[in-house]
Ligand code: PDD
């Protein structure tokens, strides 16, 4: 079965799907994107992702390509046409097609919308086997990492460095020695005093939808946590660490730069939060709501 993409109003097989060489996404990385998990045929936290898309578009002053309801319908249609029950939907909106000049096109051109879907991992039943190794890497990105732009070259280089060192994620560290986030995920720790922490939202990190959903679950379950950043030294000394993202869900970080975090096994807090999140997305869990 050939994969189907939505491209500017048409559903096309991938081999026929194309955008112009003058698309500003191609020329300038002048666009924003979302990755939305699909589990058991459902778009997970769709509202959070569409809210963040609207915010990203507003921050870079790209018009919305269609109404929220219409966009939701396209996302579902692309998932369905690709028979994706577990996987993800990818969408990107660029400022459109125009002769290459840095300022916005005048007169305005319509924004370009591409949506694809692909099969991927379903949430595993347990976090064992889901843990990863990470490396540390300098955060060399721009000053507005709160906008989900398609300009991901520093993230690409960081993740490639991780791969070349046999790791999955690169934990980004700023010039002051503080951890910002992963190259494609937010990061949390249980610090050496047992406090669950993640960095507060600021322009140095992406406001993750998985992070937001997990915070909602923590509040509902009355589980204590702090939105307080941490240094690389604190990460190295942490009892537990884990990532959150649309594709990682809650994913234990077991090793950092080759050394174990805590005892190098999935810790009790990570295990509990994994189960909570699995229940949230409808996976199997002992903690599932009635
Ligand atoms: N990445 N931080 C960065 C830099 C990210 O790229 C991502 C997501 C996150 C987590 O956000 P969310 O929980 O909304 O997925 C944090 C996606 C999955 C990607 O680029 O593939």
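In my numbering, the protein residues as written are -14 to 275.
The C-beta atom is built at its ideal place from N, Cα and C for all residues, glycine as well.
In this text, all values refer to a predicted model and were calculated from it rather than measured experimentally.
Count the other CB atoms within 10 Å of the CB of residue 125; is the residue buried (16 or more) or exposed (fewer)? So residue 125 counts as exposed.
Contact test: residue 232 Cβ vs the ligand PDD heavy atom, cutoff 7 Å: yes
Does the distance between the C-beta of residue 211 and the nearest non-hydrogen atom of the ligand PDD fall short of 7 Å? Checking the Cβ of residue 211 against the ligand PDD gives no.
Measure the alpha-carbon distance for residue 170 versus residue 262 and round it to whole angstroms. 15 Å
Grouping DSSP H, G and I as helix and E and B as strand, with all else coil, what is residue 139? helix
DSSP three-state assignment for residue 149, whether helix, strand or coil: Residue state, collapsed to three classes: helix.
Which same chain residues end up closer than 7 Å to residue 83 when comparing Cβ atoms and leaving out the 5 residues on each side of it in sequence? 7, 9, 90 and 94
How about residue 184: is its Cβ closer than 7 Å to a heavy atom in the ligand PDD? Not under cutoff, so the answer is no.
Can the beta-carbon of residue 88 be found less than 8 Å from the beta-carbon of residue 48? no
C-alpha gap between residue 269 and residue 257, whole angstroms: In this prediction, residue 269 scores a pLDDT of 47, lower than 50, which makes its location untrustworthy; no coordinate-derived value is stated.
Could you give the DSSP three-state label for residue 125: helix, strand or coil? coil
Strand pairing of residue 77, partner residues [DSSP]: 18 and 99
Own chain residues within Cβ distance below 6 Å of residue 216, not counting five before or after: 162 and 163
Please go through the segment 183 to 265 and give each complete beta strand (DSSP E) segment of 3 or more residues, from N-terminal end onward. Counting only runs of 3 or more, we get 225 to 230 and 234 to 241.
If we count the other Cβ atoms within 10 Å of its Cβ and call it buried at 16 or more, is residue 3 buried or exposed? That one is exposed.
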